[in-house]
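Counted the way this note's numbering counts, the sequence shown spans residues 80 to 427.
Here is the structure we will look at.
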Amino acid sequence: MNKILSLKSKVRKVFYTIIAYQVIAFILAFVFAYFSNRLNDYHIYLITTLVFTNCISLFEYLLFHLIAIRINNFFKRKINTLLVGILGVFLGFECALLILRYIFSIRVYPANSMGHLILLLITLIVGLSITISITTFTSLRVRLKDKEKEIEHLKRLKAESRLSVLQSKVNPHFLFNTLSSMVNLAHSDPDKVENMILDLSDIYRMVLSLPESEMITIEEEMSLVKKYLDIEKIRLGNRLKNNINVDKTLNNFKIPPLIIEMMVENAIIHGISPKKEGGVIDINIYKKNEKCNIIVKDNGIGIDKNVNSDGYGIYSVKNRLKIVYNDSYFDIKKVNTGGTQVTVEIPL
Numbered sequence: 080m081n082k083i084l085s086l087k088s089k090v091r092k093v094f095y096t097i098i099a100y101q102v103i104a105f106i107l108a109f110v111f112a113y114f115s116n117r118l119n120d121y122h123i124y125l126i127t128t129l130v131f132t133n134c135i136s137l138f139e140y141l142l143f144h145l146i147a148i149r150i151n152n153f154f155k156r157k158i159n160t161l162l163v164g165i166l167g168v169f170l171g172f173e174c175a176l177l178i179l180r181y182i183f184s185i186r187v188y189p190a191n192s193m194g195h196l197i198l199l200l201i202t203l204i205v206g207l208s209i210t211i212s213i214t215t216f217t218s219l220r221v222r223l224k225d226k227e228k229e230i231e232h233l234k235r236l237k238a239e240s241r242l243s244v245l246q247s248k249v250n251p252h253f254l255f256n257t258l259s260s261m262v263n264l265a266h267s268d269p270d271k272v273e274n275m276i277l278d279l280s281d282i283y284r285m286v287l288s289l290p291e292s293e294m295i296t297i298e299e300e301m302s303l304v305k306k307y308l309d310i311e312k313i314r315l316g317n318r319l320k321n322n323i324n325v326d327k328t329l330n331n332f333k334i335p336p337l338i339i340e341m342m343v344e345n346a347i348i349h350g351i352s353p354k355k356e357g358g359v360i361d362i363n364i365y366k367k368n369e370k371c372n373i374i375v376k377d378n379g380i381g382i383d384k385n386v387n388s389d390g391y392g393i394y395s396v397k398n399r400l401k402i403v404y405n406d407s408y409f410d411i412k413k414v415n416t417g418g419t420q421v422t423v424e425i426p427l
């Protein structure tokens, strides 16, 4: 069904293009006849312009689809399109002369050596002007469609990221693991259970009351991250350690909510927790080159080289940054010494 619709669309475009060329021929015929004071011979001018227009457009269409459209390089395609335009005008011009002379018995230039050259130059200028105009219009239309597709894609990403944020607000794995730890510690260490309950309630109160579209300060985000780490430290014990360094001048800088939390959560789930002896998470937030740099590094088991960032649990971080900022930077890589490093750069 889609192939049939695509074919119909292509046929419709070709039909409209042919109609456009005929209209151009009618207009050119009138202009030439009017300025030559020979409106009585309008039919001769019309036949001439119709033959020229259709011959040139046919050759350019064939040459373009045989040569120019097969070139992927942008600049080479532009150059070849221009050369194809010149060659198409020349071949169409000569073909039109033969048709007019031997089929319609019309000679379109005086019988002197300069007539052919002058008419060729005029046709070349007019033909190239029309070709360039049509090519430019087509290029702009394609760019507009690509832009519309990009906007639709970003809207879809925004909807997906909002869903992801809502899901992360009530992360079942984190909640179940915490509750399980509380049960295990209820008799042996009730003080730790009390601290876990307080931290857990603070986290969920903060997160659930926050609209997904709202921005929060780094100070607010780090407060949430620290409470999350406190809970995980109780759950994992000595297997989890962390170092936090935050440039105080960035405390009031606003970022999308849960960005850092998701990076830290990713480090614990995929790096530290699977490692028997555990590990260390380093969180560094600093200012460099008019950008806020956020680096979360762990010495856990490390990311699999065959797994890209889209499939490593923090896909929503990358998408949300792309939606909010035009020139943000996101990178996730395996550290040579072991572990994983996630880097985010946000313009100040």
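Glycine included, C-beta positions come from ideal geometry on N, C-alpha and C.
Computed from a prediction, not measured in an experiment: that's the story for all the values here.
Lys306 Cβ short of 6 Å to the ligand SAM heavy atom set: Judged by which ligands are present, the structure shown has none, so any question about the ligand SAM falls away.
Three-way DSSP call (helix, strand, coil) for Thr489 in this model: Nothing about residue 489 can be reported from this structure: the residues present for the chain run from 80 to 427 only.
Backbone CA spacing between Thr419 and Ile380 [nearest angstrom]: 8 Å
Pairwise C-alpha distance: Lys401 and His382: The residue you asked about is not His; residue 382 is Ile in the sequence shown. For Ile382 and Lys401, the distance between alpha carbons rounds to 22 Å.
Beta-carbon gap between Ile297 and Asn330 smaller than 7 Å: yes
Rounded straight-line distance, which links the Cα of Leu129 to that of Val168: 14 Å
Segment contact flag, the segment 124–143 with the segment 88–102, C-beta cutoff 8 Å, min 3 pairs: yes
Run of the beta strand (DSSP E) containing Ile126, from where it starts to where it stops: No beta strand (DSSP E) contains Ile126, which is instead part of the alpha helix (DSSP H) from 121–145.
Cβ neighbour criterion (16 or more within 10 Å) applied to Arg399: buried
Asn330, DSSP secondary structure in three states: coil
Three-state class that DSSP yields for Asp225 in the structure shown: helix
Beta-carbon separation (whole angstroms), Asn55 vs Val359, contact threshold 8 Å: No answer is possible for residue 55: the residues shown for the chain start at 80 and end at 427.
At least 3 beta-carbon pairs within less than 8 Å: the segment 307–321 vs the segment 345–362: yes
Under 7 Å between C-beta atoms of Ile282 and Pro336: no
8 Å contact criterion, which Met325 and Val375 should meet: CB distance rounded: The sequence shown places Val at residue 325, rather than the Met named in the question. The Cβ separation is near 12 Å, so there is no contact.
Sequence-distant residues of its chain with Cβ nearer than 6 Å to Asp389 (five each side left out): Caution applies to Asp389, whose pLDDT of 48 falls short of 50 and renders its modelled position unreliable; the value that the coordinates give is listed next. Around Asp389: no qualifying Cβ.
Local conformation of Leu337 per DSSP, three classes: coil
Beta bridge counterpart(s) of Asp410 as assigned by DSSP: Thr422
Alpha-carbon to alpha-carbon, Phe332 and Ile364: 11 Å
DSSP beta-bridge partners of Lys376: Asp361, Gln420
Where Gly316 falls, given that 16 or more other Cβ within 10 Å makes a residue buried: exposed
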